[in-house]
Each structure stands twice: as structure tokens, then as C-alpha cells.
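Chains as they are written, first to last, in full-length UniProt numbering: chain A, 1 to 255; chain B, 1 to 255. All C-beta atoms in this analysis are idealised placements derived from N, C-alpha and C, irrespective of residue type, glycine included. Just so you know, these numbers come straight off a predicted model, no measurement behind them. Quick notes on the structure that follows.
There are 2 protein chains.
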Amino acid sequence: MSDKTDAKASSSKAGTGTGVELGFTPLYLQVRQKMLDKIIAGTWQPGTALPSEQQLALQMGVSQGTLRKALDALASDRVIVRHQGRGTFVAEHDQRRTLFQFFKIASDSDGRMPPETLFCQVAERAAESEESQALQLAGDKVWHIHRHRALRGRVLLLEDIMVDRDRFPALDDRVPLPNNIYELYERHFAITVAHARERLKAISANEKQAELLGCDVGHALLQIERTATALNGSPIEFRRTLCLTDHYHYSSDLR
Amino acid sequence: MSDKTDAKASSSKAGTGTGVELGFTPLYLQVRQKMLDKIIAGTWQPGTALPSEQQLALQMGVSQGTLRKALDALASDRVIVRHQGRGTFVAEHDQRRTLFQFFKIASDSDGRMPPETLFCQVAERAAESEESQALQLAGDKVWHIHRHRALRGRVLLLEDIMVDRDRFPALDDRVPLPNNIYELYERHFAITVAHARERLKAISANEKQAELLGCDVGHALLQIERTATALNGSPIEFRRTLCLTDHYHYSSDLR
DNA sequence: AAGTGGTCTAGACCACTTA
DNA sequence: AAGTGGTCTAGACCACTTA
Chain A
1 MSDKTDAKAS SSKAGTGTGV ELGFTPLYLQ VRQKMLDKII AGTWQPGTAL PSEQQLALQM
61 GVSQGTLRKA LDALASDRVI VRHQGRGTFV AEHDQRRTLF QFFKIASDSD GRMPPETLFC
121 QVAERAAESE ESQALQLAGD KVWHIHRHRA LRGRVLLLED IMVDRDRFPA LDDRVPLPNN
181 IYELYERHFA ITVAHARERL KAISANEKQA ELLGCDVGHA LLQIERTATA LNGSPIEFRR
241 TLCLTDHYHY SSDLR
Chain B
1 MSDKTDAKAS SSKAGTGTGV ELGFTPLYLQ VRQKMLDKII AGTWQPGTAL PSEQQLALQM
61 GVSQGTLRKA LDALASDRVI VRHQGRGTFV AEHDQRRTLF QFFKIASDSD GRMPPETLFC
121 QVAERAAESE ESQALQLAGD KVWHIHRHRA LRGRVLLLED IMVDRDRFPA LDDRVPLPNN
181 IYELYERHFA ITVAHARERL KAISANEKQA ELLGCDVGHA LLQIERTATA LNGSPIEFRR
241 TLCLTDHYHY SSDLR
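This is the structure:
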């Protein structure tokens, strides 16, 4: 490769890459970034296999050990999935992954199950300032997706999902939206949600919410605000979910 | 070392260790377990430095690379902390770590701050069945710690903490408890909390809770139930926290 | 049998901290 | 200057999957 370099040179090379001399970027992180760029650009599509470690090491001009450290980092971020004996694959938002990684509601007695959509509406509207800030909008329009979601046939979740209209052209042509909306982002808009930050509060149901959820006005609800970000760290989605948690709970692991 | 072994032998050796032939335990995981055992046993105390990688590799009879993989695993579980140029240390529950790892409440406007204890009561009582199950109690008694905790001088958190009486002898002699209770577990009872699972719900304040928190009866509160476990995976603490989230929220990262 | 990722080694050199 | 953890290499062999 033309950009092959030895370990000693990698330090200054990393510095010139950004134009800022911020100490030192190890070779394996440079390799990680190169591979991540290919995934972001779509050169390597979700679900497809990467070249073998031997081939990648040759392509990148590094040892297998260094290449593996780069793959280790991507795997720990769940950007890729490795299977001994089979190969390394770009991660995709299949039902299982989304269910466990991004859906944290479980029954008090029966564990987790996937929710089903009973109502879905997509509309274009001007962004509110909170949304504009969370999504770092260039324009001023968002898609507003409103869904009623049920567990065991009972509506327990009210979702309001806001995304940048300009990043999701003709989203309204995709109605009815698939149950797993992150799969839609990935397949039709080439945007992969990498992680999310959620803020939880307890609030009281207003009249409309009480009617939709079949509870009393003033009933305690769990409000979950989520900002979801893409592989490159840019915010993709702002979401507010209200959940009736009488027989369900939100599960969080602290490690 | 007398138990030095080469890579080829490690597979069958791992099998005989447990008496069950469950495939294969790599050498670095065996080394990881050995070091974890020393930390659990207190041979290596929280806050102290481990021997250098070179020395450890010699002691364990493995290469530095394998030794580092074991340390990597312990570091990713936050059991140890490494500092380039200084050394490797057994993690301890200092204020900072507990604040960020186990305290997830933050102000809507000003980020996180440590809570202060305004009231604390310790009592011994019979365990309820839910507690007995969560803590896998051998006996039937628990310590019940009740605390009122404030942020910016205002009581926002009501905590009920239950621990096995037999694992915390004479806990009531430690009153007043320190602000950081996991530091107490670690220093005086040699129990390190490694991780926790939390279950969140929205509930309505009853009369007593409303009085303590200075809100109306029926006001929505965030209930957080936590089961905290030790380094060896055994449950240590069952805790129920009620939080007034009008100007605060619970923060959760999904990766 | 061939190909994949996973483990392990021995050694070199680098970045960082402390004295 | 000496000691620490961090990076990188080249090569060997192992566990697992697929054909």
C-alpha cells in the first residue's frame, strides 16, 4: 500500500492527518478509523463479510496483531461481529440486536418481548428548539413519527420520534414503517445507529395520554428521552417515549 | 512456578480444574481468574499496586502478551485501573468512581453532583421474601438502612438498602454511615461491589413519601430497584430508591 | 482439507511518570 | 536515568466452521 508506514513514523503521520499535534495516535486506532470510514461510506455494507484478517493486514500494511487490535475495538463497539471459523461481518440491526441493545422494557414476570405497532403516523413539521439542538439541524424541518406500541396486545408505549427531514428524504413514502425502525434507517438511508443516551423521568399522564394508555389522568408514567447517534457520532434521532410501567420496568446494567 | 504449563496443555488442564470438560478455557482467562481470586481473597487490597507486568508474567509463567490480555479483561470490568508509566492498581470505590458508575441521577440543567445524606437509620429485621430471593440469603435477617438524600440541599431521594446481616457483622456500630456506602463495604467488610442491575418504574407518591419529599400525594416518582453483586458474582445488596425527578433525570447509555 | 478467527510467544521499541 | 504500561511485529499453533 502506498500509505504503508512503520511504527516509528505513525506518530507524526497521525499528527499531520488532522493538522493538530495532539500527542499520538497509535497505528491500530488509525487502522480502526480507516475501516470505520469504509463502513460509514457503505464500501462495506451491513451484513456482509469483511476480508480475512490476513488479507486486511496486507491491505493495511500492518501486522496481524495490530489489525486484530483494530478489529477488537470495532467489535467492542458492536460495529462488527466476529465468528470464529466463519469470518468477520459488518453488524446490522436485526430484530435480536435492536431488541436487546435498544429496547430496555421488560415484563416484571416474563422478561423481554418485542413490541408491536398498533398505530403509526408520519408528518413533516417545523422543529422545536429542543429538537433542533438535540439533532444539530441544519434546516428547520423534522419528520415526526407518532406510534402506539403494544406488549401482549395492550398499548403500553407512546412514541414520538423526530429525525432530520433532510437526512431522510421521502420518509413518508415508507409508510407503513417496519416494526424495527433502525433497520429502516440502515437499509434505506444508509444510516447506522451506533449508540444512544437516554434520560428517564417519572411524569403524570395528561388527559390524552391517559385515554390512549387506558389509565387514569395523573397516573405515573415513565418518560424516556433518547438521543441516538450514528457511527460517526452525529445525532440521528430524538425520541420521547411514555411507558405505563405498572407491570413492566426499564432494565439498566451498571458495570 | 510449579503450575507453569505450555499453551497446548492448558486446554485439558482447564477441564480438570472444574471436573467438567466444557471445551476449553484459554490461558489468559485462567490467569485472569487467578488474579481475580487474589483480589477477592484480599491478597491484593483495593488501592494497592500490582506487581509490574514483567514480574506478573514471570510469576504466572506466561508471556507478557498473555498476561496483558488477562489484565485487559480485568481492566474492562473495572476491577483494576492502569496508569501508563505509574503501574496497575486494584480499583477502589472512591467518590469519583461511585459517582459515575453507580449514581445515575443528574440535574436537567447542571449535570451530576454527589448527593448528601440528611437522615440515616439502621435496623435489623426479618427479610421479606423478595429480599431473601434477591440476596440469596442463608439466614433470615437483614440490615435495613433507610436514608434521605439531598441534592443542592433539597431531599430528592429516599433510599431503602437491604443487606445480609450475616455478611455485615455489627454494621450498626458503623453509624453514622459514610456518604459512600460502597466504600464502607470495601474497607470494613472486604466486599467489593462489581456491578449492579437496576429496574426502573414510575410510581405515585404515598402520604409518607410525599411528606418526606415535599410533594403532593400521588405525585409521580421514579422508583429504582437495584441488585448489586460482588466480584465473584454473588448478590450483596438489594436497594429501592424513590426519586423526585421534576428537575432531575436518570441517565442511561446504550452501546 | 482448507479457511477462518483465537491464542500464545519472544522480543523490540515507544510514551509516560517518577525520582 | 530507570521503571512502568502501551504498541507493534513475525511467526507458530489451536478451535471452529464449511465444503
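key: Cutoff 7 Å; reference P169(A); Cβ partners in own chain excluding five residues on either side   = none
task = Pull out every residue of the segment 184-205 of chain B whose Cβ sits closer than 7 Å to any Cβ of chain A, in chain order.
result = H195, A196, R197, E198, R199, L200, K201, A202, I203 and S204
task = Could you name the residues of the same chain whose beta carbon sits closer than 6 Å to that of R240(A), not counting the 5 residues immediately before and after it, in chain order?
result = D160 and E225
task = Report the residue from D173(A), V90(A) and P51(A) whose alpha carbon sits nearest the alpha carbon of A41(A).
result = V90(A)
Contact set for K34(A): own chain, Cβ-Cβ below 6 Å, skip 5 residues either direction = none
request  = Count the other C-beta atoms from every protein chain shown that fall within 10 angstroms of the C-beta of E124(A), then say buried if there are 16 or more, exposed otherwise.
outcome  = exposed
task = For L74(A), count neighbouring C-beta atoms within 10 Å of its own C-beta (all shown protein chains included) and say buried if the count is 16 or more, exposed if not.
result = buried
CB contact check: K104(A) to chain B, cutoff 9 Å = yes
request  = Please indicate yes or no: does the CB of L157(B) lie closer than 8 Å to some heavy atom of the ligand GTP?
outcome  = Only the bare structure without any ligand can be found here, which leaves the ligand GTP out of the picture.
message = Under DSSP, the beta strand (DSSP E) around R32(B) begins and ends at which residues?
response = That residue, R32(B), is in no beta strand (DSSP E); its alpha helix (DSSP H) goes L27 to A41.
Burial state of H249(B), where buried means 16 or more other Cβ atoms lie within 10 Å = buried
Unbroken stretches of the alpha helix (DSSP H), 4 residues or longer, contained in the segment 146-228 of chain A = 181-189 and 207-213
key: Identity of the residue in A138(B), L157(B), L137(B) and Q136(B) nearest H146(B) by Cα   = L157(B)
key: V175(A) versus A210(A) - alpha carbon distance   = 26 Å
query = In angstroms, rounded to a whole number, what distance separates the CA positions of V122(B) and A228(A)?
reply = 42 Å
query = Could you give the uninterrupted runs of the beta strand (DSSP E) lying entirely in the segment 94-152 of chain B, keeping only those of 3 residues or more?
reply = 105-107, 116-126 and 141-151
ask   = Where do the N-terminal and C-terminal ends of the beta strand (DSSP E) with L254(B) fall, by residue?
value = Y248 to L254
query = For the putative contact between L171(B) and C120(B), defined by C-beta atoms under 8 Å, what is the C-beta separation to the nearest angstrom?
reply = L171(B) to C120(B), Cβ: 12 Å. No contact.
Within-9 Å CB hit, G47(B) to chain A = no
request  = Tell me whether the beta-carbon of E237(B) lies closer than 9 Å to the beta-carbon of Q95(B).
outcome  = no
message = Less than 9 Å between the beta carbons of E116(B) and L151(B), yes or no?
response = yes
query = To which residues of the same chain is H219(B) closer than 6 Å at the C-beta, ignoring the five residues directly before and after it?
reply = A205
key: Contact set between the segment 144-155 of chain A and chain B, restricted to residues whose Cβ is under 7 Å from the partner   = none
Identity of the residue in T88(A), I181(A) and K141(A) nearest D166(A) by Cα = K141(A)
request  = Can you tell me which of the three DSSP states T241(A) falls into?
outcome  = strand
request  = Name the one or two DSSP bridge partners that V90(B) has.
outcome  = I80(B)
query = Interface residues of chain B around R240(A) at Cβ under 7 Å?
reply = Result: empty, since nearest Cβ-Cβ is about 12 Å, beyond 7 Å.
request  = Would you give the residue range spanned by the alpha helix (DSSP H) that A57(A) belongs to?
outcome  = E53 to M60
key: Within 9 Å, strictly: CB atoms of F36(A) and L56(A)   = Checking the sequence shown, residue 36(A) turns out to be Leu, not Phe. It is not a contact, given that the beta carbons lie outside the stated cut-off.
key: Alpha carbon of Y28(A) to alpha carbon of E186(A), nearest angstrom   = 27 Å
message = Measuring alpha carbon to alpha carbon, tell me which residue in S109(B), E207(B), G85(B) and Q136(B) is nearest M162(B).
response = Q136(B)
Cβ-Cβ distance between L200(A) and V155(A) below 9 Å = no
ask   = What is the rounded straight-line gap between the Cα of F100(B) and the Cα of Q59(A)?
value = 41 Å
query = In terms of DSSP beta bridges, what is P235(A) paired with?
reply = T229(A)
query = Cβ of L254(B) less than 9 Å from any chain A Cβ?
reply = yes
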